[in-house]
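The structure appears right after this line, and notes come after that.
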Amino acid sequence: MNCYPKNYILVIAEKSKAAKKIAEALSDKPTTCKKYSVSYWVINYKGKVNVVAPAAGHLFNLYGDSSFPIFSMDWKPLWEIDDSAKYTKKYYNLLKDLSKYAIEYINACDYDIEGSVIGYMIIKHFGDLKKAKRMKFSALTKQDIQKAYSNLSPLDYNMINAGIARHKVDWIWGINVSRALMLAVSSVTKKRVTLSAGRVQSPTLIHVVENEIARELYIPLPVYRVSVKIKIGNETFSLSLNRTFEYKEEAQEFANKIKKSRAVVDEVRIEEKSLTRPSPFNLGDLQAEAGRILGYSPYYVERLAEELYLDGLISYPRTNSQKIPPSVDVKSIVNGLEANFKNLVGLVRNITKGEYIVRQGSKDDPAHPAIYPTGNRITEKLGIRQYKLFELITRRFLASISRDAIMITQKIIIRFKDVDISDEITRQKIKFKGWLLLYPYHSVKDEELLDVKEGEEVKIESVSVKMDLAKPDVKRYNKVQLLKWMETSNLGTEATRGKIIETLFNRKYLSQKRGTIYPTSLGIVIVEVLKDYFKDLTSIELTSKMEEKLNEILDGKETVEGVVAETINTLKIYLDNYNKYKDQIGIKLAKILGLMKYKKCKFCDLEAEYDNLCKYHYNAYMKLKETLKVWKERTKLEDKDILKKIYSSKTTGKYIKDIISEMM
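Using the numbering used here, you'd call the opening residue of the sequence shown number 216 and step up by one each time.
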């Protein structure tokens, strides 16, 4: 066909791979054309000429002048306002040219908020919104694409408005608070540095810093436990009796009673239970499991999953759903997977006898089903990391349509008669492996059950008292755990959380050691500034509430104008008073950035505030003094021995260890 037709339907895809898949699904022989070094395709589908052309993600973004504060903005071509996005100019020019002779427009970008905005902006600037339709699909397969083309709908204005509102709210919030930080530094140093804050980014950073400071100030307290070794048959078991004592004398008194007591089998319970198979992945679950099993970061998982989607191997990954609707032909998918996963398909057929019942999860997404393999054969060589993720998604899908495992659980209650306390021994045997054969990443014990009867006396082999150190309630995060915290706190979306975490690392607010996240000195000072001068603005509660407002636009309960106006009014409360504190903020930031001299803490890069100590090390010193009294009362040990025990504990925080090292 002619590469320069007229009077055609312009189908706009989000990326080049997607455009090619759409063209090939709608025509056996699409004509490949090229302009501005970008490929597009001309096809004849059901007697109508279609031109399928790609964008490169967003071609437009918000822009405002350099004033502060700033609340007015316009949409501008991305290549004009962002030097790193110059490559988008050729896609911009192509779609601008192709729109001139189009008589109808189809937004075939990804069916999510961002895809809706991408297509809408292109049609608004280059075409005619009155002649526009929306194409909705969840997988880039021939069947899904043809079905979507045959069921076009009007533009999804609720999603468009929700996307536009999110862009505007994030832009207004981010640019004003970021400029407030940068202008403060500039006002006291006359130097320009790049600092950033974000509506979701900042409360996430604050949580990490607060969590880490609490962890670094942790001092374990001594507790005493009574450990009892008993013998059943030829096996020895250690019981801790689930009791702790603050003082050794109390623990020893209890231990003496146990020694004189009789231990009997009070009850034996044997139950057959199902170990429920997992539901298919949503994006958050996939990021969590790929992090745990493969060691991939959340953002990397999202990028790899998008590549698999564009290759037509999996359904759309940015979904919150754990459900697969009846419209998805599960049997055909299983048949298709046999080409690449013959052994796994053989297993699932053997387990299910060919009857596939999806284990539906509780979470849903109105736009897309859970992530599933499409059944398409791998036609292009995948990188090893791509293949591992694809295999993980396939195994999870097959496990979800498999059968529940069956476990036999034996619970043996051991009662110590004279002290009237009991403990429990649990054994577990797998009767039917089911889905565990397909998804072998779930740790399940498979043990022989004990031959024991109720009323049987049990031999007590030994009773001992041991000092233990209490464990901290606060745990450090890895990237997957932080993403899960963001999800439960209603911060960000499936599509943004991973990228926000990476941004915090790129800004050098966070660092990573052996997979664990730590805030940098700059990150800590940024948080101090945000909490001292922009407190409510950066709260989790306010950010979560704004997420709810943005979601209400999707339901038509809120308007773009209303949500943006609320954001502006909230910001004005803080920005109107900004000049009172600008120099204080600037001096604080300039010091940690190395732009002004200051007296450092003897242990870290933070500013010394008390006796050559930053406030965190000073707090550590004061806390250690108080905790030593508790240790002394409980253990009767000398200070030097107590300090050695605290210092040697893995749970003791770094601020505490720094102080102890000085004292010792």
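All C-beta atoms in this analysis are idealised placements derived from N, C-alpha and C, irrespective of residue type, glycine included.
Since the model is a prediction, treat every value here as computed from it, not as a measurement.
Within the same chain, and ignoring the five residues on either side of L519 in sequence, the residues whose Cβ sits closer than 6 Å to its Cβ are Q601, L604.
In chain order, L765, I768, V775, V778, V779 place their CB closer than 7 Å to the CB of A380, counting only its own chain and leaving out the 5 sequence neighbours on each side.
When secondary structure is reduced to three states using DSSP, I732 falls in the strand class. Less than 8 Å divides the Cβ of R691 from the Cβ of T731.
Assignment of M397 by DSSP, reduced to helix, strand and coil, places it in the helix class. In terms of Cβ geometry, N497 and T534 form a close pair [threshold 8 Å]. With respect to the 8 Å criterion, L396 and I807 are not classified as neighbours on the basis of their beta carbons. Counting C-beta pairs with one atom in each stretch, the region 589-596 and the region 502-520 have fewer than three that are closer than 8 Å, which means they do not touch. The Cβ atoms of S530 and P581 lie no closer than 8 Å to each other. By the CB criterion at 8 Å, L241 and Q361 fall inside the cutoff.
Between the beta-carbon of I421 and that of L725 there is about 12 Å, and that puts the pair past the 8 Å contact cut. Under the 8 Å Cβ criterion, the region 464-483 counts as touching the region 668-686, having at least three qualifying pairs. For the pair E662 and L454, the Cα-to-Cα distance works out to about 18 Å. For the pair I755 and P245, the CB atoms are not nearer than the 8 Å cut-off.
Between E639 and K660, the C-beta spacing is not below 8 Å.
A distance below 8 Å separates the beta carbons of L790 and N391. If you draw a 10 Å sphere on the C-beta of P588, you find 16 or more other C-beta atoms in it, and that means buried. In the same chain as E461, and ignoring 5 residues on each side of it, the C-beta atoms closer than 7 Å to its own belong to V438, R849, in chain order. When DSSP reads this structure, F452 sits in a beta bridge with I445. Under the DSSP definition of a beta bridge, T247 partners with W256. Rounded to the nearest whole angstrom, the CA to CA distance from E676 to E468 is 18 Å.
Membership of A505 in the alpha helix (DSSP H) is indicated by the continuous run 498-509. Beta-bridge annotation (DSSP): S489 is paired with I621. G713 sits buried, since 16 or more C-beta atoms from the chains shown fall within 10 Å of its C-beta. With a contact defined as Cβ atoms closer than 8 Å, Y307 and L274 qualify at about 5 Å. For K814, same chain residues with a beta-carbon under 6 Å away, outside a window of 5 residues either side, are A823 in chain order.
Contact between L309 and K250 is confirmed by a C-beta separation of about 5 Å, below the 8 Å threshold. Taking the Cα positions, M374 is about 6 Å away from S331. Selection T867, I871, G499, C819 evaluated against K840 yields I871 as nearest (Cα-Cα).
Note that the C-beta distance between A685 and I645 is not below 8 Å. Taking C-beta atoms under 8 Å as the contact rule, I586 and L501 qualify, at a distance of about 6 Å. The three-state secondary structure of F556, taken from DSSP, is coil. Counting along the chain, M837 sits inside the alpha helix (DSSP H) bounded by residues 830-850. Taking each of E425, K463, Y571 in turn and checking the Cα distance to V441, the smallest one comes out for K463. Here T866 is exposed. Its C-beta has fewer than 16 other C-beta atoms within 10 Å. Pairing L665 with G448 gives a Cβ-Cβ distance under 8 Å.
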